[in-house]
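There are 2 protein chains.
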Amino acid sequence: MALEITKDLLERVEDLIQNQKDKSLSKFFSDFHHADIAEVLDELSFDDAVYIIRLLDSETTSEVLMDVDEEVRENILEQLSAKEIAEEIDELDTDDAADVIAELPEERKQEVIQQIEDREHAKEIVELLRYDEDSAGGLMAKELVKVNENWNVLTCVKKMRLQAEEVTRVHSIYVVDDEGKLKGRLSLKDLLMASTRAKISDVYIPKVDFVHVHDKAEEVANIMSKYDLEAIPVVDELGVLVGRITIDDIVDVIKEEAEKDYQLAAGITQDVDSEDSIFALTKARLPWLFLGMVGGLSAASIMGVFQDAMEKSPILFLFTPLIAAMAGNVGVQSSAIIVQGLANDGIKGSIWNRLLKEISLAMLNGAILAVLLFSFVWITKGDFQVALAIASSLFSVIIVAGLVGTSIPLILDKYGIDPAIATGPFITTSNDIFGILIYFSIAKMIIGF
Amino acid sequence: MALEITKDLLERVEDLIQNQKDKSLSKFFSDFHHADIAEVLDELSFDDAVYIIRLLDSETTSEVLMDVDEEVRENILEQLSAKEIAEEIDELDTDDAADVIAELPEERKQEVIQQIEDREHAKEIVELLRYDEDSAGGLMAKELVKVNENWNVLTCVKKMRLQAEEVTRVHSIYVVDDEGKLKGRLSLKDLLMASTRAKISDVYIPKVDFVHVHDKAEEVANIMSKYDLEAIPVVDELGVLVGRITIDDIVDVIKEEAEKDYQLAAGITQDVDSEDSIFALTKARLPWLFLGMVGGLSAASIMGVFQDAMEKSPILFLFTPLIAAMAGNVGVQSSAIIVQGLANDGIKGSIWNRLLKEISLAMLNGAILAVLLFSFVWITKGDFQVALAIASSLFSVIIVAGLVGTSIPLILDKYGIDPAIATGPFITTSNDIFGILIYFSIAKMIIGF
Chain A
1 MALEITKDLL
11 ERVEDLIQNQ
21 KDKSLSKFFS
31 DFHHADIAEV
41 LDELSFDDAV
51 YIIRLLDSET
61 TSEVLMDVDE
71 EVRENILEQL
81 SAKEIAEEID
91 ELDTDDAADV
101 IAELPEERKQ
111 EVIQQIEDRE
121 HAKEIVELLR
131 YDEDSAGGLM
141 AKELVKVNEN
151 WNVLTCVKKM
161 RLQAEEVTRV
171 HSIYVVDDEG
181 KLKGRLSLKD
191 LLMASTRAKI
201 SDVYIPKVDF
211 VHVHDKAEEV
221 ANIMSKYDLE
231 AIPVVDELGV
241 LVGRITIDDI
251 VDVIKEEAEK
261 DYQLAAGITQ
271 DVDSEDSIFA
281 LTKARLPWLF
291 LGMVGGLSAA
301 SIMGVFQDAM
311 EKSPILFLFT
321 PLIAAMAGNV
331 GVQSSAIIVQ
341 GLANDGIKGS
351 IWNRLLKEIS
361 LAMLNGAILA
371 VLLFSFVWIT
381 KGDFQVALAI
391 ASSLFSVIIV
401 AGLVGTSIPL
411 ILDKYGIDPA
421 IATGPFITTS
431 NDIFGILIYF
441 SIAKMIIGF
Chain B
1 MALEITKDLL
11 ERVEDLIQNQ
21 KDKSLSKFFS
31 DFHHADIAEV
41 LDELSFDDAV
51 YIIRLLDSET
61 TSEVLMDVDE
71 EVRENILEQL
81 SAKEIAEEID
91 ELDTDDAADV
101 IAELPEERKQ
111 EVIQQIEDRE
121 HAKEIVELLR
131 YDEDSAGGLM
141 AKELVKVNEN
151 WNVLTCVKKM
161 RLQAEEVTRV
171 HSIYVVDDEG
181 KLKGRLSLKD
191 LLMASTRAKI
201 SDVYIPKVDF
211 VHVHDKAEEV
221 ANIMSKYDLE
231 AIPVVDELGV
241 LVGRITIDDI
251 VDVIKEEAEK
261 DYQLAAGITQ
271 DVDSEDSIFA
281 LTKARLPWLF
291 LGMVGGLSAA
301 SIMGVFQDAM
311 EKSPILFLFT
321 PLIAAMAGNV
331 GVQSSAIIVQ
341 GLANDGIKGS
351 IWNRLLKEIS
361 LAMLNGAILA
371 VLLFSFVWIT
381 KGDFQVALAI
391 ASSLFSVIIV
401 AGLVGTSIPL
411 ILDKYGIDPA
421 IATGPFITTS
431 NDIFGILIYF
441 SIAKMIIGF
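From first to last, the protein sequence lines are chains A and B.
Each residue of the first sequence is one higher than the one before, counting from 1 in full-length UniProt numbering.
Each residue of the second sequence is one higher than the one before, counting from 1 in full-length UniProt numbering.
Dropping the structure here:
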């Protein structure tokens, strides 16, 4: 069902732009959804993209601008005048408008805001710019339908018709008192079913979920998805209704959060994708690789201490990659389960219970794998002591790695640091080092070099 | 805003259950959202949970059942009679009802379906059970509001009132022809603004996004989030409107998909969380650990071939964990970027271009890290040849690991296998082996043992 952007389609558009066939271009795009136009623009040169943005009407292009890649948007906005940007902003809902303006350089922000024709709209955008982008205030839009509890259904419908013109999708009708404080809600369905003479105060539902303007975006996402809400009103410190957040913004929050955690686990700093430049990708990948290298050098110097053992039992050194890899794997597994649990609000009980569970789990996994490894090494190499040293090291390493993987994200979370940072290279690298240290210490005890 | 389940609260509930204070219990829970009751039930013993389910009215408990953990639901349903389950099912929307029934053992399914009072409802549920749970048909509900294009607005509102009673949330009103084929849509807002005498065929919007009943859940999620849709109609092979999918179901699909990818990257088979039993967690973690161990043994036997070199250049062996770790890290980074790109439909251009980009990227990262490693080893160990061998191995290993990490998910995807399986232990383990092989081969060439 989604449109496919083919090479032919792109060539046709480029051809029309080169020959300045404005009418044909407008006609060509008139059937397109703005999300599809955005995909075409992502593939065009910046000059061509600007050409299309200037050509089509701003009702369409404002939405297109919201959908193109951030890099493309930045480049297009650089080439538009403050007045042109203000025209796009005029067509956007306040939340999207604030997001676009927030991306502009400081001095342009002022210019653009001054050029916005609808001064009420401008005032609302300025209000939204005050909030942190990861808070409810940063997500919410000012567009909503609200009615006073003292009105009757008829007045309500009349006033609503005016308000509804401004609002793309009416989810709920919020009921406020004379001071603007949130009292409850009405659904469009209820209104459709109620008699026109009824009083709002008699028909509204006084129970309404809401969030505070400074609540974190992640919390809002958890609440909306837990209670299956499609929109949630936002109130300020006094309980006054100041905005609403819709589910489509929350879908973006959930996606971004998941992508960020995934990338951290894979050792990529956030906010890159496969289409980014080689330089941006290097910048995102090099730091973790550097950390890995420093870890590898530490492992090398630990092994250096045990170098004498190499002459006595060279076979021990063959198993260092195995021990290091297992330490890393177990650490990543345990930390991932904790990070995911924390994200879903699913970690119950004390840290000690959690660690106890992880120890039992690690002992079970460790015992199974250690027995297998012991049998394999004993049978193939015929050296009981070496087999015992390697297998008991594996057992210990699995337990320690599990504990490290479990405790680090819990500790980070306790101190308000994103626990997702602890997965991936961080855990792998530290567990490599622990693993090798434990391995050679145990081997030394058993074999005694 | 979300309710916190405290120890006190749980003790109070358990106390009330023990003393069979049914009235107090009903009153206690009457203010609770079903998602909160579900959280309480997740913490209670199964017997207590069943007690609550039997006590509260099925309008509430049916929703509670949808929100409890899968394991809890399974246990509760085991203890309810077919008739009791059917009563819960009667209260649920068809999509949720079908999900619950699908979880039952085969022989109970029939029993429960026969006990459903509303035969129309039962028929619709049976229809939904036909579809794969990961398809549009598996996600959709039969509840929707549809009107005939030949009606006028007044008839439409009358008929809608009847239909709307069955539908929890009215997103869009779908317009069909006499054969039930989807023609377009009307928004509630449009209807609110239209005159009562207007003909539906004159006011409806003929452009409507839809999906086919056999489309994959992931595709539906991509379309709905791309086009910012809160509901999408589903049509069968003949274009007949058969159901609709709402955004809250899609939020679940997006979350599950993200969790699955994250867990695969962390070496955990899907569908466990931190609250699962030690046995379930072991089952999810052991296979990948076993794979890691086999990889470690392969690495050990490769190193065994080069064991002679140990006497000549023992220092080489100190760096095997470093080389193996870097190969793993680079592999995970490259594969994660590809997996994420594929999930977001963001991989454009040919595989060859993608590999070329990865080679350039790996060469840049590899060159920087190799120069650093070379300098460090040369300065600290004072052996030019060894430093050269290690650094040039690192450079080659980074390039090969990047290529492996990039190509495996692309190849898997081409053959219709979930590329996410390629991240994590799979890539780490295979790259460990490649890495060590390359390392010793290059070292042999340079140092010549």
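Glycine residues also receive a C-beta, built at the ideal position from the N, C-alpha and C atoms.
Next item on the list: For E419 (chain B), name the three-state secondary structure that DSSP assigns.
Entry: This sequence places Pro at residue 419 (chain B); Glu is not what is there. Reduced to three states, the DSSP call for P419 (chain B) is helix.
Checklist line | Contact belief for P105 (chain B) with L291 (chain B) at Cβ below 8 Å, rounded distance in angstroms | finding: Contact flag wrong, Cβ pair sits at about 33 Å.
Margin query: Does the contact criterion of 3 or more C-beta pairs under 8 Å hold for the stretch 287 to 302 of chain A versus the stretch 283 to 303 of chain B?
Written below: No, the stretch 287 to 302 of chain A is not in contact with the stretch 283 to 303 of chain B.
Notebook entry, point to check: Does E78 (chain B) get closer than 8 Å to chain A when you measure Cβ to Cβ?
Noted result: Closer than 8 Å: no.
Checklist line | Beta-carbon neighbours of H33 (chain B), restricted to chain A and to distances below 7 Å | finding: Y227
Check: Beta-carbon separation of L369 (chain B) and S407 (chain B) under 8 Å?
Finding: no
Next item on the list: Answer yes or no: do residue 518 (chain A) and V175 (chain A) have a C-beta to C-beta separation smaller than 8 Å?
Entry: Here chain A comprises residues numbered 1 to 449, so residue 518 (chain A) is not present and cannot be evaluated.
Checklist line | Any 3 or more C-beta pairs closer than 8 Å across the stretch 175 to 194 of chain A and the stretch 227 to 243 of chain A | finding: In short, these stretches touch, since the Cβ pair count reaches three.
Check: Should N19 (chain A) be labelled buried (16 or more other beta-carbon atoms within 10 Å of its own) or exposed?
Finding: exposed
Margin query: Assuming I173 (chain B) is part of the alpha helix (DSSP H), what are its boundary residues?
Written below: First-last for I173 (chain B): 172 to 176, but that is the beta strand (DSSP E), not the alpha helix (DSSP H).
Next item on the list: Measure the CB-CB distance between V203 (chain B) and L186 (chain B) and report whether it falls below 8 Å.
Entry: yes
Notebook entry, point to check: Within 8 Å (strictly less), CB to CB, does A300 (chain A) reach chain D?
Noted result: The structure shown contains no chain D; its protein chains are A and B.
Next item on the list: Could you tell me which chain A residues have their CB closer than 8 Å to the CB of S360 (chain B), listed as they occur along the chain?
Entry: I278
Check: Helix, strand or coil for R354 (chain B) per DSSP?
Finding: helix
Checklist line | Straight-line gap, E11 (chain B) to V40 (chain B) (C-alpha atoms, nearest Å) | finding: 11 Å
Notebook entry, point to check: Anyone know if the C-beta pair for P321 (chain A) and D432 (chain B) falls short of 8 Å?
Noted result: yes
Check: Opposite I232 (chain B) in the DSSP bridges: which residues?
Finding: B:I245
Next item on the list: Below 8 Å on the Cβ atoms is my guess for A324 (chain A) versus I436 (chain A); work out the distance and round it to an integer in Å.
Entry: 6 Å
Notebook entry, point to check: Name the chain A residues that come within less than 8 Å of D248 (chain B), Cβ to Cβ?
Noted result: Residues of chain A passing the Cβ test: S225, D228, E230, I247.
Margin query: Using a Cβ-Cβ distance cut-off of 8 Å, determine whether D190 (chain B) contacts chain A.
Written below: no
Check: If you drop the 5 nearest sequence neighbours on each side, which residues of the same chain put their C-beta closer than 6 Å to that of K414 (chain B)?
Finding: Once the five neighbours on either side are set aside, K414 (chain B) has no close Cβ partner at all.
Check: How about S441 (chain B): is its C-beta nearer than 8 Å to some C-beta of chain A?
Finding: no
Notebook entry, point to check: Is it a yes or a no for the stretch 102 to 118 of chain B touching the stretch 50 to 69 of chain B, going by three-plus beta-carbon pairs under 8 Å?
Noted result: Counting Cβ pairs under 8 Å, fewer than three are found: no touch.
Checklist line | Against chain A: residues of the stretch 314 to 328 of chain B by CB proximity under 9 Å | finding: P314, I315, F317, L318, F319, T320, P321, L322, I323, A324, A325, M326, G328
Checklist line | Three-state secondary structure (DSSP) of N329 (chain A) | finding: helix
Check: If we ignore side chains and look at the alpha-carbon of each, how far apart do Y227 (chain B) and S350 (chain B) end up?
Finding: 26 Å
Check: Are the C-beta of G137 (chain A) and some C-beta of chain B separated by less than 8 Å?
Finding: no
Next item on the list: Please look up how many angstroms separate the CB atoms of A389 (chain A) and A443 (chain A), rounded, as I've assumed it's under 8 Å.
Entry: 4 Å
Notebook entry, point to check: By how many angstroms is the C-alpha of M140 (chain A) removed from the C-alpha of D95 (chain A)?
Noted result: 6 Å
Next item on the list: Please state if the CB of A420 (chain B) and the CB of D261 (chain B) are separated by a distance shorter than 8 Å.
Entry: Result yes, Cβ atoms of D261 (chain B) and A420 (chain B) sit closer than 8 Å.
Checklist line | Contact set for I116 (chain A): own chain, Cβ-Cβ below 7 Å, skip 5 residues either direction | finding: A86, I89, D90, A122
Checklist line | Close Cβ partners of D249 (chain B) (< 6 Å) along its chain, the five nearest in sequence each way excluded | finding: L139
Margin query: If I measure Cβ to Cβ from T190 (chain A) and keep anything under 7 Å in the same chain, skipping five residues before and after, which residues do I get?
Written below: Looking at the sequence itself, residue 190 (chain A) is Asp, so the reference to Thr does not match. Correct list, in chain order: V203.
Next item on the list: Could you tell me whether any Cβ in chain B is nearer than 8 Å to the Cβ of D48 (chain A)?
Entry: no
Next item on the list: Out of B:A362, B:F384, B:K381, point me to the one whose CA is closest to L394 (chain B)'s CA.
Entry: B:A362
Margin query: Taking 8 Å as the threshold (beta carbon to beta carbon), is A336 (chain A) in contact with chain B?
Written below: Nearest CB-CB separation between A336 (chain A) and chain B: below the 8 Å threshold.
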